[in-house]
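For our numbering, add 290 to where a residue sits in the sequence shown, where the first one is 1. Presented below is the structure to which this report refers.
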Amino acid sequence: MLIIDSKDCENIDKALKKYKKKFEKSRVLLQLRERQSFTKPSIRRRTEVLKAVYKQNIASGKIDI
């Protein structure tokens, strides 16, 4: 549960902005999306390796964006 400390004179918009920042940092939404479907660890590892190879190709100049 997220708790936002707000002062009496603080604007509701500022409190809402603080809540949104805390919500993003807690990564709740990311966890929910990950739990929607199960991915095998081998597939997860494979995608990480493919992403790393892609990033290396971009850095070396083999792939132009």
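The C-beta atom is built at its ideal place from N, Cα and C for all residues, glycine as well.
Separation of residue j from residue i, as counted between CA atoms
i	j	result
residue 301	residue 316	23 Å
residue 291	residue 306	15 Å
residue 304	residue 342	39 Å
residue 314	residue 299	25 Å
residue 324	residue 310	20 Å
Assumed close pair residue i, residue j - CB separation to whole angstroms, cut-off 8 Å
i	j	result
residue 312	residue 294	7 Å
residue 355	residue 347	About 11 Å separates the two Cβ atoms, so there is no contact after all.
Inset, instruction - Mind the definition here: the segment 307-327 touches the segment 337-355 only if three or more C-beta pairs lie below 8 Å; say whether that holds. - result: Touching, no.
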